[in-house]
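Student: Protein chains in written order, with the numbering used here: chain A, 1 to 282; chain B, 1 to 268.
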């Protein structure tokens, strides 16, 4: 179920004074079961890019292959594609509309034309896998807290049983605990169900901890593509793009400059702890 | 798709029209609309066409961008054209069942279509070249005399400018909500009328909620900055007529004279 993007270019408002090149010749391939982090400063083209992956935007030029088939070829069902490539937008307020949480989550599978029982069981599974307790199921989605709304929004997409899950900043505006919980749930989806995950985030710490591969976007172009360790080596270039490496990477570099020989590719606090303990001989 | 609505949108380029005083443009738009109803024959419409073409040219807004706004009124246009076409009495030239087309009807329908199109294009030239802020300033100042008879001019113009400002925001919001629901398998295109109306619910509920939230936020932000109406409020850029505005008024006077003159010309 790989996603392959070839020479993707997208221009907003082409032919007017408001013309804007949002994506410029972007190519990459995401194999099945990878946990990919997508980073870039605001306006770098991340959101435009992910909307291409499930066919919500038609590229100005370039092609996207899902499972080897061009998704814009004649007769390819984009609705079918959208059930396989689930996209959760940043603001849950954009999709919640039903009177209660449970029916809202049912909306996706209902659109797929499944049987009543199938819809129900999928919605139950989805709500459970994002950790929504049953007592919330009959509540109005508008009365929930920000973190709970996010969960319902994610469940709404999960209920369609996607093979790929794309999340646009699922942790923005959440408190640290809510953030960790949601990310852990996403991680367990990845590990238990083998789902391919594409996560857009501004938190380099989260990226270092969860993603196995990072794609960095800058001015509509793909700037870096590699493991977090490889990407964060370029922390100086990342800074020039308005990004940064995890804070602990800076500490590691600082320590090395002061003559303490820790590894230079440290990206998480746990790694830093182990490296320092090793140095202390413990 | 939904971004195509150009009514109420500002197009940021630098042109003579962009630099004009908003009052001049407001007055011009009003005059143009009146002139469309004054024109009684082909010569009048011809003069209006020349005036409109010149204005489009001077605005530096691409023609294609401007006409895109017409899509929104296509239905209204078709409706009024067909009413005029089939329901006007006169010399009959074609008949099919109860439907009959007359020469007078044909003429009325043609003029009506031109009038409607020019109306929309004419007013969109104003909104495309004037920022909502300028527009309110202009409105407030030119209608200032109504304050004396107790009309809350400032409040009304403030409401208008907020409404105008919110059009593009809500359009963008609709686009986002549509995409979020399409990502969940929503289908806004196919199905009959009832099916289509039903499919709008997942779109309208989030849209209304977001509109209310934005309204509350805005009210709060205005209050936090001590907004209390127009009383004693000064402007950073007070409106002042420049030479080009007076010249534009001369052009208006000339145009109106031409339009009134054409009424005395023979023609269809």
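Cβ atoms here follow ideal geometry from the backbone N, Cα and C, with glycine treated the same way.
The structure displayed is predicted, hence computed values, not measured ones.
For residue 158/B, report the span of its alpha helix (DSSP H) as first-last.
Tutor: Unbroken alpha helix (DSSP H) run through residue 158/B: 153-182.
Student: Under three-state DSSP, which class holds residue 144/B?
Tutor: Residue state, collapsed to three classes: helix.
Student: Does the count of Cβ pairs from the stretch 7-14 of chain A and the stretch 58-67 of chain A closer than 8 Å reach three?
Tutor: Result yes; three or more Cβ-Cβ pairs closer than 8 Å.
Student: Report whether the distance from the Cβ of residue 11/A to the nearest heavy atom of the ligand NAD is below 7 Å.
Tutor: The ligand NAD is not part of the structure shown, which contains no ligands of any sort.
Student: List, in order along the chain, the chain B residues whose C-beta lies closer than 9 Å to that of residue 107/A?
Tutor: Chain B residues near residue 107/A: 181, 184, 185, 186 and 202.
Student: List the residues of chain A that residue 210/B touches, going by C-beta distances under 7 Å, in chain order.
Tutor: Neighbours of residue 210/B on chain A, chain order: 93.
Student: Using alpha carbons as the reference points, say which of 201/A, 145/A and 99/A lies closest to residue 50/A.
Tutor: Measuring from the Cα of residue 50/A, the nearest candidate turns out to be 201/A.
Student: Give me the residue from 249/A, 260/A, 281/A and 231/A with the minimum Cα distance to residue 270/A.
Tutor: Closest option to residue 270/A, Cα to Cα, is 249/A.
Student: Here's the rule: buried if 16 or more other CB atoms are within 10 angstroms of the residue's CB, otherwise exposed. What is residue 94/A?
Tutor: Burial call: buried.
Student: Residue 132/B touches chain A at which residues, Cβ-Cβ below 8 Å?
Tutor: Simply none; closest approach about 16 Å.
Student: Can you tell me whether residue 2/B is buried or exposed, with buried defined as 16 or more other CB within 10 angstroms of its CB?
Tutor: The predicted model places residue 2/B with a pLDDT of 49, which falls under 50 and marks its position as unreliable; any figure quoted below should be read in that light. Flag for residue 2/B reads exposed.
Student: Quick one: give me the first and last residue of the beta strand (DSSP E) that residue 126/B is part of.
Tutor: That residue, residue 126/B, is in no beta strand (DSSP E); its alpha helix (DSSP H) goes 103-129.
Student: By DSSP, does residue 58/A sit in helix, in strand, or in coil?
Tutor: Coil at residue 58/A, not helix or strand.
Student: Check each candidate in 111/B, 65/B, 70/B and 67/B and name the one with the smallest Cα separation from residue 82/B.
Tutor: Among 111/B, 65/B, 70/B and 67/B, the Cα nearest to that of residue 82/B is on 111/B.
Student: Just to confirm, is the Cβ distance from residue 185/B to residue 160/A under 8 Å?
Tutor: Closer than 8 Å, so yes.
Student: Would you tell me roughly how many angstroms separate the C-alpha atoms of residue 100/A and residue 140/B, rounded to the nearest one?
Tutor: Going from the Cα of residue 100/A to the Cα of residue 140/B covers about 46 Å.
Student: Cutting at 8 Å between CB atoms, please list the residues of its own chain near residue 3/A, excluding the five before and the five after it.
Tutor: Around residue 3/A: 29, 30, 53, 64, 65, 66, 85, 164 and 196.
Student: So, are the CB atoms of residue 214/A and residue 43/A less than 8 Å apart?
Tutor: No; because the gap between Cβ atoms is not below 8 Å, this pair is not in contact.
Student: Just confirm the distance between the C-beta atoms of residue 160/B and residue 136/B, as a whole number of angstroms; I'd bet it's less than 8 Å.
Tutor: Sure, about 6 Å apart at Cβ, within 8 Å.
Student: State the CB to CB distance for the pair residue 125/B and residue 35/B, rounded to an integer number of angstroms; the pair is presumed to be in contact (CB under 8 Å).
Tutor: Residue 125/B to residue 35/B, Cβ: 14 Å. No contact.
Student: Which of the residues in the stretch 146-176 of chain B, read from start to end, lie with their CB under 7 Å from any CB of chain A?
Tutor: Listed by position along the chain: 176.
Student: Residues in its own chain within less than 6 Å of residue 92/A by CB, not counting five upstream and five downstream?
Tutor: Correct list, in chain order: 149, 150 and 153.
Student: Within 10 angstroms of its Cβ, does residue 191/A collect 16 or more other Cβ (buried), or is it exposed?
Tutor: Exposed: under 16 other Cβ atoms inside 10 Å.
Student: My understanding is that residue 45/A touches residue 23/A, with C-beta atoms under 8 Å, so please give their C-beta distance in whole angstroms.
Tutor: The Cβ separation is near 5 Å, so the contact holds.
Student: Only counting runs of 4 or more residues, tell me where the alpha helix (DSSP H) segments fall wholly within the stretch 42-100 of chain A, in order along the chain.
Tutor: Fully enclosed alpha helix (DSSP H) runs of 4 or longer: 46-53 and 78-84.
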